[in-house]
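Asks:
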Amino acid sequence: MLLARELIAYISRQIVKQLSPQWIETTDPQVAANLIETVIEEDLAVEDNLNEEVRELLSQYGEYMRREGVSYQEMFRKVKNNLITQRKVIRASGRDSGDSMKLSRDKVNDISHKIVTAVRKSRDFRLKRDPNDVRLQLVKVITELLHAEDKVDRAARTKIRTQKRDIAEGTEEWDLLHRRYYAEELKKLGIDLAS
Numbered sequence: 225m226l227l228a229r230e231l232i233a234y235i236s237r238q239i240v241k242q243l244s245p246q247w248i249e250t251t252d253p254q255v256a257a258n259l260i261e262t263v264i265e266e267d268l269a270v271e272d273n274l275n276e277e278v279r280e281l282l283s284q285y286g287e288y289m290r291r292e293g294v295s296y297q298e299m300f301r302k303v304k305n306n307l308i309t310q311r312k313v314i315r316a317s318g319r320d321s322g323d324s325m326k327l328s329r330d331k332v333n334d335i336s337h338k339i340v341t342a343v344r345k346s347r348d349f350r351l352k353r354d355p356n357d358v359r360l361q362l363v364k365v366i367t368e369l370l371h372a373e374d375k376v377d378r379a380a381r382t383k384i385r386t387q388k389r390d391i392a393e394g395t396e397e398w399d400l401l402h403r404r405y406y407a408e409e410l411k412k413l414g415i416d417l418a419s
């Protein structure tokens with residue numbers, strides 16, 4: 225998943241905290257946060273499932289691709305793009321679309337629509353403003369939180385680059401260090417990935 229579950233839980237709690245009581249009313253903030261967390265996780269899981277489906281499809285053609293000299297990455301991208309177009313899935317990764325955040329602006333908008341729909345259906349919520357105004361506020365809150373997460377990621381990458389020796393991205397050592405520094409930076413925001 226593009227975002228760690230702990231980060232999604234944090235974003236969900238922050239949405240409830242920042243939107244209550246001015247934009248929404250809730251009987252139980254934890255239940256409200258759990259509902260929002262579920263909406264976000266289910267939406268992001270769509271692309272994860274799509275990636276898995278593409279991997280399974282390509283595994284059937286592995287021998288053919290080797291024989292013909294077709295790049296796995298190139299074929300993966302083509303097949304995934306075709307499935308995204310066919311199924312009208314909104315691409316989650318912002319970096320694929322040129323956005324600086326992990327989630328694309330289109331994906332944030334899509335998630336905001338889904339959250340407002342879920343909030344309107346739930347008995348645990350009451351919207352205090354026009355649904356579109358609430359949705360726009362949701363986009364603002366999510367975007368601010370994702371920009372903060374991006375700073376955390378950049379800080380972790382900077383710490384790795386300042387090591388006495390070069391550590392290549394993608395190596396096991398780089399991944400371990402990134403996870404450690406990323407968790408340290410998230411703790412500064414009050415998010416503990418260990419719990």
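According to this note's numbering, the stretch in the sequence shown is residues 225 to 419, in order.
Don't be surprised by glycine CBs; every beta carbon is placed ideally from N, CA and C.
1. According to DSSP, is Ile308 helix, strand or coil?
2. Helix, strand or coil, according to DSSP, for Leu259 in the structure here?
3. Rounded to whole angstroms, what is the Cα-Cα separation between Arg237 and Arg381?
4. Taking 8 Å as the threshold, find out whether the stretch 260-280 comes into contact with the stretch 334-342 through three or more Cβ pairs.
5. With DSSP collapsed to three states, give me the class of Leu243.
6. Apply the 10 Å Cβ neighbour rule to Glu373 and answer buried if 16 or more other Cβ atoms are within range, or exposed otherwise.
7. If you draw a straight line from the alpha carbon of Tyr234 to that of Tyr288, how long is it in whole angstroms?
8. Does the beta-carbon of Arg359 have 16 or more other beta-carbons within 10 angstroms, so that it is buried, or is it exposed?
9. What are the start and end residues of the beta strand (DSSP E) that includes Thr250?
10. Closest to Lys331 by CA distance: which of Lys312, Lys345 and Ser346 is it?
11. Sorted by chain position, which residues of the same chain lie with C-beta nearer than 8 Å to Pro198's C-beta, five sequence neighbours on each side aside?
Replies: In terms of the structure at hand:
1. helix
2. helix
3. 26 Å
4. yes
5. helix
6. buried
7. 45 Å
8. buried
9. Ile248 to Thr250
10. Lys312
11. Because the chain here runs from 225 to 419, residue 198 falls outside it and cannot be looked at.
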